Amino acid sequence: MISFRLPGDKSIAHRAVLFAPLAGSDSTVANLPGGEDVRSSIRVMEGLGAKFSLDDGETGGTIRGGCRLRSPVGTLDCGNAGTTARLVSGILTGLGLKARLDGDASLRTRPMRRVFYPLQAMGARLDLPGGAYTLPVQFRPRATGSLRTLVHRPRVASAQVKSALLLAGLTGGIRVEVKEPALSRDHTERMLGAMGAPVDFDPDRRGEGRVILDPSGWDGELAGFTLDIPGDPSSAAFLIVAGILARRSVHLADVSANPGRTAFLDLVEQTGTTVEREVHPPRAGEPVQSWTVKPPDRVRPFSVGGADIPRLIDELPAAAVLAAVADGVSEIRDAAELRVKETDRIAAIAANLEALGVEVDERVDGISVRGRAPGTPNRLAGAVRAFGDHRIAMAFGALGLVTGAGIEVDDPKVADISFPGYWKELKRFKG
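Numbered as in my numbering, the sequence shown ends at 442 without a single skipped number.
Have a look at this one:
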């Protein structure tokens, strides 16, 4: 059995970095992931006046509370981090700050209308070059008390949109209600609730997701926190798939087991994989578990869609390469959101699998894959592209490195965005 201690969960880390400066007292964090995305959140908050005292490796330290955030001098550069751009948009709206928000070439292509439009309905004053709802965007100063309450019913469940609106309401002192068609990640609700914010949600909900932030009667004080960030379940997914491909059992210690993040475990259980869960005390409102994953003798095909998709959207590239070795046809549906990630992930997955000789049916909202089970003539081989997307690189890298197939990824370094050290960890399966 191979044991792993994963970098801290990226979604929780973003929120710790963004929320701690809003607290009235200092916060202490440990196991911050080393990826570029979380560094973007730190840089942006520093640009707004937040103070960080981190160790040399920037994996932990103190985040100063009681900061009075201010309009930045220069542009706030979000890099490739969509979470940073969207959540900070909510903070800028609530505080009424003047700021220019931008990102790299990839982030500039990603849709922001779903965030900017409801923020404008609340009273955000935005200058959008050419009228396009993309970055860069200029936030203009807003008069105190000019925000409007909001009830928002998005067509697609999105934790980033929901979080941006809740943060606008929190920092602007305005009631916000979000009613989603399905469960999305609720890290924002859990962390803000643990800090004392007046947020009302059901942590055990299934189906439609509803959350209310109502600051009326609240003293406006958020408490600082001490948090050892649990491991990232999205990063865990790629090591789980590597274990299945290598037919090696895997132990993953202290992983975030948020119910909005565990659908991938349900998916791999469809393949015949055994998953054992050990429950630990929660951290900042987040459930934590250790997982032992035992591979099957035969990888059965799987089918996933509907309300499960928001709960494993970032793990679907890992699922797709697992489908490539399943004994039958696997299906991913209702996942059109994949087309507006760092790249069009449906098209990228389909192109790479076809380059390896795998039979693929690409659809608008998903993909079906006829797996080439062990023993199939002509092993998987070929050159694949990362398309500048860390999760595409990680998925196909696992398929090549662990199985010994002749698969070459053109840009392996892009994995550093979310999981520095990924390739070193992957090589442990070859020992």
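The beta carbon of each residue, even a glycine, is placed where N, CA and C say it ideally should be.
Nothing here was measured: the structure is a model prediction, and the numbers come from that model.
- Non-local beta-carbon contacts of Phe430 in its own chain, meaning distances under 6 Å to residues more than five positions away in sequence, involve Ser246 in chain order.
- CA-CA distance, Ser22 to Glu289, rounds to 22 Å.
- Rounded to whole angstroms, the Cβ separation of Thr273 and Pro244 is 7 Å, and the two are in contact under 8 Å.
- Cα atoms of Asp211 and Ala359: separation of roughly 39 Å, rounded to the nearest angstrom.
- Pairing Leu256 with Phe275, the inter-Cα distance amounts to about 16 Å.
- Look at the stretch 93-136 and you find these whole runs of beta strand (DSSP E), each 3 residues long or longer: 110-113.
- Thr182 counts as buried, since at least 16 other C-beta atoms from the protein chains shown sit within 10 angstroms of its C-beta.
- Taking Pro293 as reference, the option from Ala397, Ile240, Phe249, Gly254 with the minimal CA-CA separation is Ile240.
- Around the beta-carbon of Ser169, 16 or more other beta-carbon atoms lie within 10 Å, marking it buried.
- With a cutoff of 7 Å on beta-carbon distance, Lys62 and Ser82 are scored as not near each other.
- Remark: C-beta atoms of Ala135 and Thr104 approach each other more closely than 7 Å.
- Gly46 is positioned such that its CB atom lies no closer than 7 Å to that of Ile324.
- Taking C-beta atoms under 8 Å as the contact rule, Pro44 and Gly72 fail to qualify, at a distance of about 14 Å.
- Put simply, the backbone Cα of Ala406 is about 9 Å away from that of Ala248.
- Taking all protein chains shown into account, Lys352 has 16 or more neighbouring C-beta atoms within 10 Å of its C-beta and is therefore buried.
- Excluding residues up to 5 positions away in sequence, Pro214, Asn269, Ala295, Gly296, Glu297 lie with their Cβ nearer than 8 Å to the Cβ of Arg201 in the same chain.
- For Arg356, there is no enclosing beta strand (DSSP E); the residue is found in the alpha helix (DSSP H) stretching over 356-366.
- Secondary structure remark: continuous beta strand (DSSP E) runs of at least 3 residues inside the stretch 204-253, in chain order: 220-224, 237-239.
- Scanning its chain for C-beta atoms nearer than 8 Å, with the 5 sequence neighbours on each side dropped, one finds around Arg151 the residues Lys109, Arg136, Leu137, Asp138, in chain order.
- Per DSSP, reduced to three states, the secondary structure at Ser157 is coil, with no helix or strand assignment.
- Here Glu365 has Val371 as same chain residues with Cβ atoms under 6 Å from its own Cβ, once five neighbours each way along the sequence are excluded.
- The alpha-carbon of Met123 is positioned some 8 Å away from that of Arg97.
- Rounded to whole angstroms, the separation of the alpha carbons of Asp422 and Val340 is 29 Å.
- Per the coordinates, the alpha-carbon of Gly207 lies some 33 Å from the alpha-carbon of Arg121.
- Note on geometry: alpha-carbon atoms of Arg383 and Thr95 lie some 39 Å from one another.
- Around the beta carbon of Ser174, 16 or more other beta carbons lie within 10 angstroms, which makes this residue buried.
- In terms of CA proximity to Ala143, Val126 leads the group Val126, Met133, Arg153, Arg159.
- By the Cβ-count criterion, Val279 is buried, with 16 or more other Cβ atoms from all chains shown falling within 10 Å of its own Cβ.
- The shortest C-alpha to C-alpha distance from Ile343 to any of Gly368, Phe313, Ala337 is the one to Phe313.
- In the structure shown, Arg294 adopts extended strand secondary structure according to DSSP, grouped into three states.
- Note that the C-beta distance between Val187 and Leu161 is below 7 Å.
- Inclusion of Ala394 and Ala404 in the CB contact set at 7 Å is not warranted, their separation being larger than that value.
- Unbroken alpha helix (DSSP H) stretches of 4 residues or longer found wholly inside the stretch 298-344: 327-334, given in chain order.
- Restricting attention to Gly254, Gly204, Arg221, the CA atom closest to the CA of Gly231 is found in Gly204.
- The alpha-carbon separation between Met56 and Thr414 amounts to approximately 42 Å.
- When the beta-carbon positions are compared, Leu146 and His163 stay at least 7 Å from each other.
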